[in-house]
Amino acid sequence: MADIQTPQGTLKRWDNLNQDQKDLVGKIILKNSYKATLIHELGHNLGLRHNFMGSHDHENFYTEEEARSLGLEAAPAYSSIMDYSFSEFNQLKVFGKYDIAALRFGYKREVELTNGNFMKIQGSLQETVQALKESQAGVDPAQEVRIKPFEFCTDENTNLGNLCNRFDEGTNLKEIINYRIKSYKDNYKYRNFRDGRIRYSTYDMPSYIYARSYELGRIRDIIEDNEYSKEFWRGYLPELLLNYDIVLTEEQLDQVLNVSCSGVFGEGVWFCDDYIDDGREAVEIAGNFFLELLKTPDHLCALVTQETPNVIVEYRTLYNIYDKIKGDIDNVPHSCFDSVIKEHVAKDGLLVVGENGKFINGFKDTDPNYRYAQDRYARGIWPDKIYAMRYLFKRRSNFSTTDENFGAIIDYPNIAEKADNIFSHLILGTELESPLPFTTESGQQFQVPYVIGNDYSVNPLEDYFGGLARSLRMSPKGETDLRELMLSQVEREHTAYGKQYKNKAFASRNLLAVQRTYGFIPLDARTAEKVYFYDPNYEVTYSASRVSPYAFEMISAINNFDFLNAQEEQQIRVAVNLQNYVGFPIPDGVELDAGQTVFFGMNKATMEQILNLSQQQVSSDNINFRQILGEEDGAAIEALYNKGFNALAEIYQLKVQIFESILSNSTDDEKRLLTMDGNLLMAFANGSLNEEIIEYYIEQLTKLPSSQRHQNAM
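Residues in the sequence shown are numbered consecutively from 4, following my numbering.
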């Protein structure tokens, strides 16, 4: 095998093989494909239909020992040769256990039992099952013998769920979603590069876009199975648990279904491992993959100088480097560590230490065999990124379904929390908390910040595909801002999803949006729930409520910036401290014990954190007060904490009263400072909110999608 493989472990191209190697490849293909195809078609001749649950029916896979006894090199992950396997090298080459059972049933009228014996069908199958059941009256259910079950679905059942599909792998939802993601990643080097194709041009972009819509849509659709499963278990689990004298509150049931089943019942519980947690974790895997796509930068080369090898001084895109040297080379480098790339940056006294990302836009090379302007060597992943954004918010499958569950991946708390940072990066310009790692030439990884910013734009489609461009929200002419294009995908969603989902749909649809009203909205026509900003350049009034937090934050900053600039620095610092309940004196006449004094001296955020822990009934043994605060103060606060929530809330309420007293005796300007959003006030105090940021926010408002009204308002 080694002589037909590249150093990277992939097969060499057919044209690069000699005749002996081609003969070897032919034998391998015949051995792994022809025999399997022959037996598959023989199965059809014997009356077997396709069984696309063969890849899921792990209870009926051959063991390694059984596979070897049948002459197989390994145990394929299929119970039926009537399935369509993902790879010719991992498929059955003999009838599987399902096939044998189906043929035995069809031709011998026999079924296999769970004890390994066989039973003749007497009358109908239903009558046989009933007779078997009656013959075991009084037998312990754990010892009861049943007809051995096999999983089955066929052509007309495909695309109705994620377990019945052609050319897939996986015995549960997590394995299925991991297979789909791995398949997507593995195929990048083939689908996004010309790779010897005769035709590879901009005219192929619609096919690429539709293919990514389908492929990423199948990854998104894992949520359909989990939403259906959650509804089933919401009804069935309380009934099941009554058999064990366990009663769940609605809050506990929500915890089981939406946070962690095994966290409530412990590890190894079948309905947690096989169903509830499996489905939720599969959706989170899909969501994390979409977030990874959103964070993927253009193919970046991280550069350092010889004098400071541990300090990155510059990022250059691999394409920009190639574009400068393409006239001097006859190949296209796929890596920043290609010798021609390293030689080029060395002329500027720089070294490549890492690379990250994928080409955002496609480009042409200098191969004279591909001389037309539309010819391409590489195809960018910008469509992948916009579909990743779209499918985070999408509430319906791309496939026909009668399902009435309209959940979105963005509804899942673990995904929403991570997505918030990415959206803040794309809209507010905040730093990514978990950027994708750069990879060194030796394969090691390291994390450093990078920015998906104003320089990220998408090349236009050919004029012929104007309808597709409009449907994607692309500019009709010229380049489109990539961030604006990604954000605009939420406009494809709406809020009309019925009673159960309308509030979630309204919140997610407007999360990244802003309301636009052409012209100036008079002050007496504005509502207290919204903030407003009139941009005279476009004659548009932007407004947002807290359901659109990013627009709300930007408009609040714009409206308050001049006021903050006019305040003394000392006033700002005092307001920050007062907002955080720092420096409050103990009121005259109030006596506090040691624990109360320690708690009173904490800032607002710390007090609220301890209150939340108490409300959740977290034991003080799990908080380590003494380790955090020292022996004396730790022991004192521990004693107060152990008195319960009300004892803590009494001290917190005392600080609330002090703050309200200060507020009531303040001037109008002081009140405005004290009631201003704390993050906004802190950002100005530490210098991260300045004129440049305000100008950036005004520009960003023009890029946000337009908000949509609540279903109740329609």
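Don't be surprised by glycine CBs; every beta carbon is placed ideally from N, CA and C.
Following the continuous beta strand (DSSP E) through residue i, name the residue where it begins and the one where it ends.
i, result
"Gln518", "Gln518 to Tyr521"
"Phe628", "No beta strand (DSSP E) holds Phe628; the alpha helix (DSSP H) holding it covers Phe628 to Leu632."
"Glu154", "It is not in any beta strand (DSSP E) - Glu154 carries neither H nor E in the DSSP assignment."
"Glu317", "Glu317 to Thr320"
"Ala305", "Leu303 to Thr308"
"Val356", "Leu353 to Asn359"
Taking the beta carbon of residue i as the centre, do at least 16 other beta carbons fall within 10 Å, making it buried, or is it exposed?
i, result
"Ser691", "exposed"
"Phe523", "exposed"
"Glu611", "exposed"
"Trp385", "buried"
"Gln620", "exposed"
"His497", "exposed"
"Ala578", "buried"
"Tyr322", "buried"
"Gly99", "buried"
"Ser437", "exposed"
Do residue j and residue i have their beta-carbon atoms positioned less than 8 Å apart in this structure?
i, j, result
"Glu113", "Phe121", "yes"
"Val272", "Ser263", "no"
"Phe235", "Thr161", "no"
"Ile425", "Leu294", "yes"
"Tyr537", "Thr544", "yes"
"Ala472", "Val493", "no"
"Phe362", "Ala381", "yes"
"Leu106", "Lys151", "no"
"Ala547", "Ala554", "yes"
"Asp171", "Ser58", "yes"
"Arg495", "Arg393", "yes"
"Gly173", "Asn229", "no"
"Asn408", "Tyr231", "yes"
"Ile222", "Ala289", "yes"
"Ala285", "Lys177", "yes"
"Phe662", "Ile575", "no"
"Pro479", "Gly470", "no"
"Glu434", "Pro452", "yes"
"Asn364", "Asn462", "yes"
"Gly50", "Asp102", "no"
"Cys301", "Tyr187", "It is Asp, not Cys, that sits at residue 301 in the sequence shown. No."
"Asn401", "Gly164", "no"
"Leu666", "Gly598", "no"
"Gly330", "Thr369", "yes"
"Lys658", "Phe587", "yes"
Give the DSSP-derived three-state secondary structure of residue i in the structure shown.
i, result
"Asp565", "helix"
"Gly141", "coil"
"Lys734", "A query on residue 734 cannot be resolved here, the shown segment of the chain reaching from 4 to 717 and no further."
"Phe366", "strand"
"Asp671", "helix"
"Ser548", "coil"
"Val97", "coil"
"Gly220", "helix"
"Ser691", "coil"
"Gln146", "helix"
"Phe603", "helix"
"Ser445", "coil"
In terms of residues, what are the limits of the alpha helix (DSSP H) holding residue i?
i, result
"Thr40", "Lys38 to Asn48"
"Glu115", "Run containing Glu115: none in the alpha helix (DSSP H); it sits in the beta strand (DSSP E), Glu113 to Glu115."
"Phe536", "From DSSP, Phe536 is part of no alpha helix (DSSP H) but of the beta strand (DSSP E) over Val534 to Asp538."
"Val621", "Taken as a continuous stretch (DSSP letters only), Val621 belongs to no alpha helix (DSSP H), as it is neither H nor E."
"Pro416", "Pro416 to Ile430"
"Trp17", "Segment: none, Trp17 is in no alpha helix (DSSP H) and carries neither H nor E."
"Pro10", "Where Pro10 is concerned, there is no enclosing alpha helix (DSSP H), given that its DSSP letter is neither H nor E."
"Arg194", "Tyr191 to Arg194"
"Ala531", "First-last for Ala531: undefined, no H or E at that position."
"Ile201", "Here Ile201 belongs to no alpha helix (DSSP H), and DSSP marks it neither H nor E."
"Lys756", "This structure gives no information on residue 756, because the portion of the chain shown stretches from 4 to 717."
"Arg393", "Trp385 to Phe396"
"Gln711", "Here Gln711 belongs to no alpha helix (DSSP H), and DSSP marks it neither H nor E."
I'd like to confirm something about residue i: is its beta-carbon nearer than 7 Å to some heavy atom of the ligand ATP, or not?
i, result
"Tyr191", "The ligand ATP is not part of the structure shown, which contains no ligands of any sort."
**Request:** Could you tell me whether the stretch 302-322 touches the stretch 338-357, using the rule of 3 or more Cβ pairs below 8 Å?
**Result:** Enough Cβ pairs lie closer than 8 Å, so yes.
**Message:** Between the stretch 502-511 and the stretch 477-485, can you find at least three pairs of beta-carbon atoms closer than 8 Å?
**Reply:** Flag = no, the stretch 477-485 and the stretch 502-511 do not touch.
**Request:** Say whether the stretch 602-611 touches the stretch 697-717, bearing in mind that this needs 3 or more beta-carbon pairs closer than 8 Å, one atom from each stretch.
**Result:** The stretch 602-611 vs the stretch 697-717: no contact.
**Prompt:** Below 8 Å, can you find three or more Cβ-Cβ pairs linking the stretch 85-100 to the stretch 63-73?
**Reply:** Touching, yes, given that three or more Cβ pairs across the two stretches are closer than 8 Å.
**Prompt:** When the Cβ atoms of the stretch 198-211 are set against those of the stretch 246-262, are three or more pairs found closer than 8 Å?
**Reply:** Contact between the stretch 198-211 and the stretch 246-262 is absent, with fewer than three C-beta pairs closer than 8 Å.
**Cβ pair count under 8 Å reaching 3, the stretch 673-681 against the stretch 578-596** = The stretch 673-681 vs the stretch 578-596: in contact.
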